[in-house]
Amino acid sequence: MKKYALIVLSLVLVLSFGLVGCSSEEPVASATAGASASANATKAPTPTPATPTPATPTPAATTPAADAPKPDYSNDFSAAITGVTNYEGTWAIENGEYTITGDTNGGAKSVIDGSDYANFTLEADVAPTGEGNDAGFIFRASDCGNGADSYNGYYVGVFPGGYIVGKVVDKAWTEIERGEADVEDDVMVHIKIVANGENIKLYVGDMSEPVFDADEDDHASGAIGFRVYKLDARYDNVKITKG
């Protein structure tokens with residue numbers, strides 16, 4: 111009997127320990143603990159979007175204004191004049207102007223030394239003094255000397271009330287044209303001569319319209335000089351530009 115009683119007791123103990131060790135219930139996680147852990151977790155920072163840098167506009171390229179051509183010869187007669195050869199008359203600087211007096215024979219000239227121009231623009235202020243005769247410039251000139259027609263080349267001049275254009279070929283004078291222009295006695299008037307190939311233009315006072323525009327083919331190049339015919343005259347602000 112004792113033997114059977116011990117067996118029964120052993121089975122009871124075995125069953126009791128097995129039931130305790132094989133419980134199918136799993137432990138429930140504490141809600142409070144989970145909430146606490148979640149609250150204590152470090153929150154990742156929200157990235158700030160980069161602000162685009164506006165593009166700096168590139169300024170439009172500008173083309174510099176072309177400079178005006180530099181004159182090859184320029185004289186405002188503020189100092190003593192040099193580099194000229196005079197033929198008759200009395201040439202002098204007075205009050206910042208180039209003056210000519212005493213042209214009793216006619217055709218006094220003051221030629222710029224070493225000048226040799228084919229195509230050019232000449233601008234100057236001229237004041238002729240005296241009725242009927244003229245003051246201006248010779249150009250494309252050669253063989254200059256004393257005497258009204260002692261040169262070969264062209265001549266343009268102004269006189270009170272008008273202008274004259276002429277030429278000398280083989281020391282013989284030919285008047286090409288004479289016309290009216292707004293020129294006063296002993297008052298400066300601005301003139302411009304433009305020689306380009308065979309074409310010659312003369313502007314007097316008004317620089318927008320030439321008073322003379324014609325083709326001449328007798329002289330291709332040569333010197334430039336001041337010239338008067340039997341009167342006194344004053345010159346100023348002379349500029350000569352090649353081309």
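Counting from 111, one number per residue, gives the positions in the sequence shown under my numbering. Glycine included, C-beta positions come from ideal geometry on N, C-alpha and C.
Neighbour flag for residue i against chain B, beta carbons, 8 Å
| i | result |
| --- | --- |
| Asn-229 | Reference to chain B is not applicable here, since this structure consists of a single protein chain. |
For residue i, the residue or residues it bridges with in DSSP
| i | result |
| --- | --- |
| Thr-275 | Rather than Thr, the amino acid found at residue 275 in this sequence is Val. Val-275 pairs with Val-266 and Glu-287. |
| Thr-211 | Thr-200 |
| Arg-337 | Lys-219 and Gly-246 |
| Val-304 | Thr-231 and Lys-311 |
| Ala-191 | For the sequence presented, residue 191 should be read as Ile rather than Ala. In DSSP, Ile-191 forms no bridge with anything. |
| Ala-282 | Val-279 |
| Asp-325 | Asn-309 |
Euclidean distance between Cα positions of residue i and residue j
| i | j | result |
| --- | --- | --- |
| Asn-215 | Tyr-273 | 21 Å |
| Val-304 | Glu-294 | 23 Å |
| Ala-258 | Asp-296 | 22 Å |
| Ala-333 | Leu-232 | 12 Å |
| Lys-311 | Tyr-265 | 12 Å |
| Asn-186 | His-329 | Residue identity check: residue 186 is Asp in the sequence provided, not Asn. Using only the alpha carbons, I get a separation of about 28 Å. |
| Glu-290 | Ala-245 | 15 Å |
| Tyr-380 | Lys-277 | Shown here, the chain extends from 111 to 353; a query on residue 380 therefore has no answer. |
| Ile-286 | Phe-249 | 15 Å |
| Val-275 | Phe-269 | 12 Å |
| Phe-322 | Gly-315 | 13 Å |
| Ser-184 | Lys-349 | 4 Å |
| Met-317 | Phe-230 | 16 Å |
| Asn-205 | Phe-247 | 21 Å |
| Gly-225 | Val-194 | The sequence as given places Ser at residue 225; Gly does not occur at that position. So the alpha carbons of these two residues sit roughly 10 Å apart. |
| Thr-192 | Glu-326 | 31 Å |
| Gly-271 | Ala-190 | 31 Å |
| Ala-228 | Lys-302 | 16 Å |
| Glu-292 | Glu-241 | With the sequence shown as reference, residue 292 is identified as Asp, and Glu is not the correct amino acid for it. Taking the straight line from one Cα to the other gives about 14 Å. |
| Asn-309 | Gly-353 | 13 Å |
| Val-338 | Glu-319 | 25 Å |
Close beta carbons around residue i, own chain, < 6 Å, minus the five adjacent residues each side
| i | result |
| --- | --- |
| Asp-235 | Met-298, His-300, Asp-346 and Asn-347 |
| Tyr-208 | Phe-187 and Tyr-345 |
| Arg-288 | Ile-274 |
| Lys-281 | Asp-259 |
With 16 other Cβ atoms within 10 Å as the buried cut-off, status of residue i
| i | result |
| --- | --- |
| Trp-201 | buried |
| Lys-219 | buried |
| Gly-307 | exposed |
| Thr-239 | buried |
| Thr-284 | exposed |
| Ala-251 | buried |
| Asn-262 | buried |
| Ala-237 | buried |
| Gly-403 | Residue 403 is absent from the structure shown; the chain starts at 111 and stops at 353. |
| Gly-267 | buried |
Same chain, Cβ closer than 7 Å to residue i, five either side skipped, listed in chain order
| i | result |
| --- | --- |
| Asn-256 | Tyr-197 and Glu-198 |
| Lys-340 | Asp-213, Gly-216 and Asn-243 |
| Thr-351 | Pro-179, Pro-181, Asp-182, Phe-230 and Thr-231 |
| Asp-223 | Gly-193, Val-194 and Thr-195 |
| Ser-203 | Here the sequence assigns Ile to residue 203, which means Ser is not the residue at that position. Closer than 7 Å at the Cβ level, and outside the excluded window around Ile-203, lie Phe-187, Ala-190 and Ile-191. |
Rounded distance between the beta-carbons of residue j and residue i, thought under 8 Å
| i | j | result |
| --- | --- | --- |
| Ile-210 | Ala-343 | 5 Å |
| Val-221 | Cys-254 | 5 Å |
Heavy atom of the ligand SAH within 7 Å of residue i beta-carbon
| i | result |
| --- | --- |
| Gly-353 | Of ligands this structure carries none, so the ligand SAH is not represented either. |
Close Cβ partners of residue i (< 8 Å) along its chain, the five nearest in sequence each way excluded
| i | result |
| --- | --- |
| Ser-331 | Asp-226, Tyr-227, Ala-228 and Arg-250 |
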